[in-house]
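Participant: Take a look at this one; I'll ask things after.
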Amino acid sequence: MNELIDKLGGIKAFGIFSICLFVVVFSASMILAFCLKKPFLKSMSALPLEEDSPAQAKNSNTPPL
Amino acid sequence: MMNAAAASQQQPPRPEGGTVETFKYDNRIVRAFAIATVIWGIVGMTAGLLAAVELFFPAANLNFQFITFGRLRPVHTNAVIFAFVGNGMFTGIYYSLQRLCKARMFSDKLSWLNFWGWNAIIVAAAVTLPLGLTTSKEYAELEWPIKIAIALIWVAFTVNLLGTIVKRREKHIYVAIWFYIATALTVAILHIVNGLEVPVSLWKGYSIYAGVQDALVQWWYGHNAVAFFLTTPYLGLMYYYLPKAANRPIFSYRLSIIHFWALIFIYIWAGPHHLLYTALPDWAQSLGMVFSIMLIAPSWGGMLNGLLTLRGAWDKVRQDPVLKFMVAAVTAYGMATLEGPALAIKTVNSLSHYTDWTIAHVHTGALGWNGLLTFSVLYWLIPRLYSTKLWSVRLANYHFWIALLGMMFYVIPMYVSGITEGMMWKQFTRDGFLQYPNFLETVQQILPFYRLRAIGGTLYIFGVWLMAYNLWKTARAGVFVPEEEVRAVSYRSQAGAHSEPAFTHRWLESKPILLTGLALVAVLIGGMIEIIPMIVVKENVPTISSVKPYSALELLGRDIYIREGCVGCHSQMIRPFRSETERYGEYSKAGEFVYDHPFLWGSKRTGPDLHRVGGKYPDAWHYNHLDDPRATSPGSIMPRYPWLFTQQLDTTSLTARIGALRRIGVPYPPGYESKALDELNKQAGKVVINLKVGQIKAAPDREIIAVIAYLQRLGTDIKLAPKPVAESATAPRAAN
């Protein structure tokens with residue numbers, strides 16, 4: 001392991017490698033996010049808003065505050 | 066922005082004709098965690114208040130060793146982080162996970178093991194920390210048997226979490242759950258890697274890492290404890306409870322995807338910003354700084370996603386205390402995550418580090434983000450668990466304003482105090498001398514702010530009491546619903562209805578194992594790239610030939626220093642600034658700490674740095690100082706340590722301590738154990754003779770003798786050797 005790291009041209013190369021790695025991760029997440037279709041995005045956004053149970057559906061007419 | 070009704074209308078049609086299953090959500094476990102949250106919140110904050118009072122009224126511990134500031138501080142931090150926020154996190158997760166997965170928790174037994182195990186650990190912490198059983202590593206103070214228990218209970222939680230996700234009835238995994246997964250995985254990794262110790266006895270172990278390496282691993286852990294214990298689970302809660310309370314979908318699901326991956330990837334790299342200008346190699350400091358600054362982007366992405374969810378619904382915020390708390394919490398998150406990267410810039414950090422500025426920063430996050438969000442979740446949840454309305458909306462509103470006022474009274478004085486002391490430490494006269502060479506001058510200047518801080522803390526705790534009363538009355542007025550019966554289409558009958566295009570995020574959201582694996586890779590990369598070179602590349606820690614292991618007496622003295630929590634107020638790391646080398650002596654070198662298991666660099670200077678205190682004062686001065694700090698240093702806020710003069714030095718575990726340290730690389734010569742006690746007695750005798758010179762008659766077998774021996778050794782090894790070539794080549798640039 002020690003040899004492998006030395007051959008990378010010194011540990012300072014890790015800085016450049018790290019930033020490049022982040023660019024890859026960030027770009028990948030951007031591409032994945034923007035490839036999603038609107039209906040799916042809307043259904044996922046609405047997931048927490050579905051009624052939890054019939055009891056809560058009944059209560060939702062009388063909010064607890 | 067659509068409302069809930071519109072959102073549900075636009076959903077793709079749910080599979081029809083699937084098998085409908087009836088099951089029950091478990092509310093008992095949610096209630097148990099909620100009760101524990103409130104109780105531990107009051108306990109942890111009260112411990113913090115007492116610690117705060119002791120900083121301007123040192124006699125407040127009544128000379129009782131178990132509640133000195135040094136021992137109380139970790140009680141406060143552990144209680145607030147792991148007990149209050151920990152239970153709050155479990156409360157929120159156990160409720161939301163079941164609903165988002167449309168499934169009961171994977172195992173009731175694991176749920177209750179999680180609850181009782183976690184709270185038993187907290188009780189163990191509340192007992193052992195005041196007893197001085199501590200590793201001294203911040204937020205990882207608990208000794209090895211408790212650490213093992215934490216790992217086991219965390220595994221139980223993780224299995225329960227992943228098991229519930231696997232048996233879910235909802236095909237896609239909502240963003241809140243991704244954050245829960247990242248939390249479970251990362252906390253386990255951080256806890257295990259940082260917690261590796263070689264045991265000495267049942268309640269004592271030594272970190273397997275030393276000096277610089279220990280510092281890097283510890284702050285990789287410490288920073289990410291903030292990230293993955295105080296932030297990611299609470300972001301998950303925000304993504305569930307904020308839409309719930311506002312009755313509106315999250316502003317942008319796309320943004321949440323970018324927020325999640327960027328945040329978990331970047332956060333793990335930022336730990337070294339806690340060690341700027343220390344003996345940590347420059348490359349690691351620079352990595353930490355750069356990634357910390359980059360962290361602003363995903364953090365603010367998340368904050369804006371939360372706040373913009375309320376677009377068009379701000380009128381509700383005026384009336385609904387739940388939303389008030391949430392908005393203030395998310396805003397505090399935004400402030401803290403803007404300030405954090407700013408503090409990670411080396412120039413800013415040179416002023417802020419070791420000062421109360423850091424205390425202000427962490428309390429913006431703790432009181433604002435974690436505290437207020439926890440309160441909002443409890444106000445939202447308890448009426449639902451009891452199928453009733455909140456007993457008093459007005460009281461909840463009072464709580465909001467009192468909490469906000471308390472925060473202001475806490476945070477603003479700490480900012481003023483931090484900047485004041487930071488500037489006073491660095492101030493030179495026109496003639497080039499330190500303007501305030503006596504550290505106590507800077508302490509006296511900030512005492513009024515410590516008093517104001519205590520007022521802020523009192524207000525904040527008063528607010529929590531109001532909440533406890535309000536929630537108790539709510540529970541009394543309602544009927545607890547232990548289990549909610551619900552119906553949902555089975556996962557299997559849905560699976561045939563959807564076919565996901567591979568390698569899309571939608572596909573990923575239906576693959577929990579893959580999602581977990583990718584999250585694991587994202588959080589592992591940063592840690593590995595920073596830590597592995599630090600451990601395997603020797604040039605990172607240039608050795609200094611004159612640095613030797615501690616003698617037997619010094620070793621026991623060091624362990625007492627750890628027991629008393631001295632590291633909570635005194636750093637042992639002189640940064641390469643003229644203002645510090647003038648005040649304390651030569652700046653600290655990495656090679657000086659190679660036998661320090663654990664490192665004791667500290668993160669706060671309530672008192673002066675001690676790295677070069679060895680030989681600075683006679684033994685008698687230390688004796689008198691520890692007996693009554695104000696006798697030697699008028700105006701000091703350090704507590705008295707009378708028990709060090711009466712308690713006998715415990716040498717029974719000396720052999721085990723030396724053996725344990727040798728196993729992790731400290732080069733004690735073979736057979737040293739057999740003569741260690743003789744050597745200890747000889748060195749103790751010398752200290753006693755030195756004390757006689759100062760007209761002090763002391764017994765050689767008391768703890769104070771070992772503490773004096775340790776303090777007199779600090780930072781002296783380097784004075785015995787010429788400057789090593791490797792060290793001068795890698796010396797950091799001096800700055801003012």
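For the protein sequence lines, the chains are S and E, in the order given.
According to my numbering, the first sequence is numbered sequentially starting from 1.
According to my numbering, the second sequence is numbered sequentially starting from 66.
By construction, the Cβ of each residue, glycine as well, lies at the ideal position given by its N, Cα and C atoms.
These numbers come from a predicted model, not from an experiment.
Could you check whether the Cβ of alanine 562(E) sits closer than 8 Å to any Cβ belonging to chain S?
Facilitator: Residue placement at alanine 562(E) is flagged as unreliable, the pLDDT there being 49, under the threshold of 50; the coordinate-derived value follows with that caveat. No, alanine 562(E) does not count as interfacial toward chain S.
Participant: Pull the bridge partners of lysine 89(E) from the DSSP assignment, please.
Facilitator: In the DSSP output, where bridge partners are listed per residue, lysine 89(E) has Glu550(E).
Participant: By a C-beta neighbour count over all protein chains shown, 10 Å radius and 16 as the cutoff for buried, is alanine 116(E) buried or exposed?
Facilitator: With 16 or more Cβ atoms within 10 Å of its Cβ, alanine 116(E) is classed as buried.
Participant: Can you tell me which of the three DSSP states serine 610(E) falls into?
Facilitator: The answer is coil: DSSP assigns serine 610(E) none of H, G, I, E or B.
Participant: Thinking histidine 570(E) and isoleucine 238(E) are a contact (beta carbons under 8 Å), I'd like their distance in whole angstroms, please.
Facilitator: Contact doesn't hold; Cβ gap of about 11 Å is too wide.
Participant: My guess is that methionine 599(E) and leucine 281(E) are in contact by the Cβ rule of under 8 Å, so how many angstroms apart are they, rounded?
Facilitator: About 5 Å separates the two Cβ atoms, so the contact holds.
Participant: For tyrosine 271(E), does the three-state DSSP call read helix, strand or coil?
Facilitator: Strand, per DSSP.
Participant: For the ligand GTP, is there a heavy atom less than 7 Å away from the beta-carbon of glycine 433(E)?
Facilitator: As far as ligands go, the structure on display features none, and thus does not contain the ligand GTP.
Participant: Counting only Cβ-Cβ distances shorter than 8 Å, please list the residues of the stretch 330 to 345 of chain E near chain S, keeping chain order.
Facilitator: Under the 8 Å Cβ criterion, the stretch 330 to 345 of chain E contributes Phe330, Ile331, Trp334.
Participant: So, with DSSP's three-state summary, where would you put arginine 571(E)?
Facilitator: Here arginine 571(E) sits in helix by DSSP.
Participant: Got a sec: is the Cβ-Cβ distance from alanine 46(S) to anything in chain E below 8 Å?
Facilitator: Chain E, which has a Cβ nearer than 8 Å to the Cβ of alanine 46(S), makes this yes.
Participant: Strictly below 9 Å CB to CB, what residues from chain S border alanine 587(E)?
Facilitator: Going along chain S in sequence order, the residues near alanine 587(E) (Cβ under 9 Å) are Val25.
Participant: Quick check: tyrosine 775(E) and glutamate 619(E), are their CB atoms within less than 8 Å of each other?
Facilitator: Yes, they are a contact pair.
Participant: By a C-beta neighbour count over all protein chains shown, 10 Å radius and 16 as the cutoff for buried, is methionine 303(E) buried or exposed?
Facilitator: Buried is the call here.
Participant: Taking 8 Å as the threshold (C-beta atoms), are proline 406(E) and serine 357(E) in contact?
Facilitator: Yes, Cβ-Cβ distance for serine 357(E) and proline 406(E) is below 8 Å.
Participant: Please classify glutamine 712(E): does DSSP put it in a helix, a strand, or coil?
Facilitator: Note: glutamine 712(E) maps to coil in three-state DSSP.
Participant: Nearest chain E C-beta to cysteine 35(S) closer than 8 Å, yes or no?
Facilitator: Answer yes: the Cβ-Cβ gap between cysteine 35(S) and chain E drops below 8 Å somewhere.
Participant: Just to confirm the assignment, what range does the beta strand (DSSP E) spanning serine 266(E) have?
Facilitator: Serine 266(E) -> beta strand (DSSP E) spans 262 to 266.
Participant: So, using beta-carbon positions, are isoleucine 187(E) and phenylalanine 155(E) closer together than 8 Å?
Facilitator: Not closer than 8 Å, so no.
Participant: In chain order, what are the residue ranges of uninterrupted alpha helix (DSSP H) at least 4 long that sit wholly in the stretch 391 to 478 of chain E?
Facilitator: DSSP runs (the alpha helix (DSSP H)) wholly in the stretch 391 to 478 of chain E: 411 to 417, 421 to 428, 437 to 450.
Participant: Answer yes or no: does any C-beta atom of chain S fall closer than 8 Å to that of threonine 569(E)?
Facilitator: True, the Cβ-Cβ gap to chain S drops below 8 Å.
Participant: From threonine 193(E) to glutamate 235(E), what distance separates their C-alpha atoms?
Facilitator: Spanning the two alpha carbons is a distance of roughly 44 Å.
Participant: Spatial neighbours of tryptophan 177(E) within its chain, please: CB distance less than 6 Å, with the 5 preceding and 5 following residues excluded, ordered by chain position.
Facilitator: Correct list: empty, nothing qualifies.
Participant: Checking 8 Å against the spacing of the C-beta atoms, do leucine 756(E) and threonine 716(E) come in under that value?
Facilitator: Going by C-beta atoms, leucine 756(E) is not nearer than 8 Å to threonine 716(E).
Participant: Taking the alpha carbon of proline 765(E) as the reference point, which residue from Trp243(E), Ala749(E), Arg778(E), Ile754(E) has its own alpha carbon closest?
Facilitator: The shortest C-alpha separation from proline 765(E) is found at Ala749(E).
Participant: If distances are taken between C-alpha atoms only, which option among Ile361(E), Gly399(E), Leu352(E) comes closest to leucine 373(E)?
Facilitator: It is Gly399(E).
Participant: Which chain S residues sit within Cβ distance under 9 Å of isoleucine 246(E)?
Facilitator: What isoleucine 246(E) touches in chain S: nothing, since even the nearest Cβ is about 16 Å away.
Participant: Measuring only between beta-carbons, confirm whether serine 351(E) sits less than 8 Å from chain S.
Facilitator: Closer than 8 Å: yes.
Participant: Would you list the one or two residues that DSSP bridges to arginine 695(E)?
Facilitator: In DSSP, arginine 695(E) forms no bridge with anything.
Participant: Round the Cβ separation of serine 306(E) and glycine 157(E) to the nearest angstrom and send it over; I've been treating them as touching at under 8 Å.
Facilitator: The amino acid occupying residue 306(E) in the given sequence is tyrosine; serine does not appear at that position. Correct: roughly 7 Å between the Cβ atoms.
Participant: List the residues that DSSP assigns as beta-bridge partners of leucine 499(E).
Facilitator: DSSP, once it has assigned bridges, lists Phe493(E) as partnering leucine 499(E).
Participant: Determine the burial state of asparagine 128(E): buried for a count of at least 16 other Cβ atoms within 10 Å of its Cβ, exposed for fewer.
Facilitator: Result: exposed.
Participant: Closest to isoleucine 702(E) by C-alpha separation, out of Ala685(E), Arg516(E), Pro607(E), would be which residue?
Facilitator: Nearest C-alpha to isoleucine 702(E): Arg516(E).
Participant: Taking C-beta pairs closer than 8 Å, name the residues in chain S that tyrosine 305(E) reaches, listed in chain order.
Facilitator: Per Cβ cutoff of 8 Å: Pro48.
Participant: Nearest to serine 415(E) by alpha carbon, out of Ala275(E), Ala311(E), Lys669(E), Thr133(E)?
Facilitator: Residue Lys669(E) is the option with its Cα nearest to serine 415(E).
Participant: Does DSSP classify phenylalanine 155(E) as helix, strand or coil?
Facilitator: Three-state result, phenylalanine 155(E): helix.
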